[in-house]
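Asks: Please read through the structure below; I'll follow up with questions.
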Amino acid sequence: MENSPRHFLPIHPDSYNFLRFFSNMKTSALLVAATVASASAFAPAPQAQSSTALNESFFKTIADMDLFAPKKDQNNYGARGKKGVQTGALSSRSYVPAGLTKAQYEKIRA
1093 MENSPRHFLP IHPDSYNFLR FFSNMKTSAL LVAATVASAS AFAPAPQAQS STALNESFFK
1153 TIADMDLFAP KKDQNNYGAR GKKGVQTGAL SSRSYVPAGL TKAQYEKIRA
């Protein structure tokens, strides 16, 4: 037993298994620590909670919006007259309802 290769190891054979196990444990712990560190790098940063309280009521906020500010008179009665829109003239190919002549239909449309 004196000439066996295990005898020439600088450490006791049982200690060799322990050191190999301990080395594997250190590697595993290092791997776990690296994983936790990299995962925490991608975690969202905590933010201060913002207030969602309105100073005015919701209805008042909506009612005070001026939706027609860019063009104030766009919703006024008679605004169509300012656009210069005219009724088209009837041609020979225009639709005339059954039972009316072209002259009668132009009179109704005017």
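Numbering (the working numbering), first residue to last: 1093 to 1202.
The beta carbon of each residue, even a glycine, is placed where N, CA and C say it ideally should be.
From a predicted model like this one, the values you see are computed outputs, not experimental measurements.
Within the same chain, show all residues whose beta-carbon is closer than 7 Å to that of threonine 1179, passing over the 5 residues directly before and after it, in chain order.
Replies: Answer for threonine 1179: Arg1201, listed in chain order.
Asks: Over the uninterrupted alpha helix (DSSP H) stretch that includes phenylalanine 1150, give me the two end residues.
Replies: 1150-1155 is the extent of the alpha helix (DSSP H) around phenylalanine 1150.
Asks: With respect to the alpha helix (DSSP H) encompassing arginine 1201, which residues constitute its N-terminal and C-terminal limits?
Replies: From DSSP, the alpha helix (DSSP H) with arginine 1201 extends over 1194-1201.
Asks: Got a sec? Which residues, its chain only, sit under 6 Å from valine 1188 by beta carbon, not counting five neighbours each side?
Replies: Cβ neighbours of valine 1188 beyond the five flanking positions: Lys1194 and Tyr1197.
Asks: Between the C-alpha atoms of glutamate 1148 and glycine 1176, what's the straight-line distance to the nearest angstrom?
Replies: Spanning the two alpha carbons is a distance of roughly 43 Å.
Asks: With DSSP run on the structure shown, which of helix, strand or coil describes valine 1128?
Replies: Three-state result, valine 1128: helix.
Asks: In angstroms with no decimal places, state the Cα-to-Cα distance between lysine 1164 and arginine 1172.
Replies: Cα to Cα, lysine 1164 sits roughly 14 Å from arginine 1172.
Asks: Please work out which residues of its chain come closer than 6 Å, Cβ to Cβ, to serine 1186, disregarding the five sequence neighbours upstream and downstream, and give them in chain order.
Replies: Nothing meets the Cβ criterion.
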